[in-house]
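Notes follow once the structure below has been shown.
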Amino acid sequence: SSIDSGLNSICTLIVMDLHRRFGIGKRWLASRLGKQPQDLSEVDELKLAQPLTLVIGVAPTVFSLFVARIADVFSIMVGVANTFRAPLLAVFLLGMLTRRTAAAAALAATVCGGLFTLGLTVANKLASTAAPFALAEIWNVVFGFAFTFILGYLLSFFLGRRKKTRELRGLVLGCGTLGQR
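Residues 1344 to 1524 (the working numbering) make up the sequence shown, in order.
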């Protein structure tokens, strides 16, 4: 049940954000169903999501079979998860703790933080083979979080504006009771 909920979440994200919002694949799906793109319904989008779920489920499975031959799957999984976990935690906390954070700054910080954390992971793996010591994997999370949080906050001075308290009521610490708009 954990795996299928993750697959369904990914497919919903792709259909809602990429297909509906940006129109990616609309013409292809409409031509496949013999309809106009503006005539597509939610039922038609389900016909897109079902094979997409299969592809998203099979692709990591096949990938993991190849990776298992190369290295320890657990350490690779931890490295990949940490690459995304640290920047996401930083962006969540930026949104909850600061009044200034803008979407553009958060997105830029997430991308840069992910690349930074990935760089740390790769450098740490290379150092463990050539150097007498390497950092523990948890430090990648700590440094990736700090980098993303600081970068996101600094970018917010250039890419956003400070929002009024009434806009943030219930969303940001110090702007009313959290969770109540």
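Glycine included, every Cβ here is placed at the ideal spot set by N, Cα and C.
- The shortest CA-to-CA distance from residue 1365 to any of 1483, 1374, 1380 is the one to 1380.
- Under a 10 Å Cβ-count criterion, residue 1349 is classified as exposed, with fewer than 16 other Cβ atoms of the shown protein chains found around its own Cβ.
- Residue ranges of uninterrupted alpha helix (DSSP H) with 4 or more members, entirely inside the segment 1451-1504 and ordered along the chain, are 1480-1502.
- Just measuring C-alpha positions, the residue of 1441, 1424, 1427 sitting nearest residue 1496 is 1441.
- About 5 angstroms separates the Cβ atoms of residue 1444 and residue 1499, confirming a contact at the 8 angstroms cut-off.
- Around the C-beta of residue 1408, fewer than 16 other C-beta atoms lie within 10 Å, and the residue is accordingly described as exposed.
- With a cutoff of 7 angstroms on beta-carbon distance, residue 1488 and residue 1431 are scored as not near each other.
- Residue nearest to residue 1385 within the set 1369, 1480, 1412, 1448 is 1369 (criterion: CA-CA distance).
- Residue 1404 counts as exposed, since fewer than 16 other C-beta atoms from the protein chains shown sit within 10 angstroms of its C-beta.
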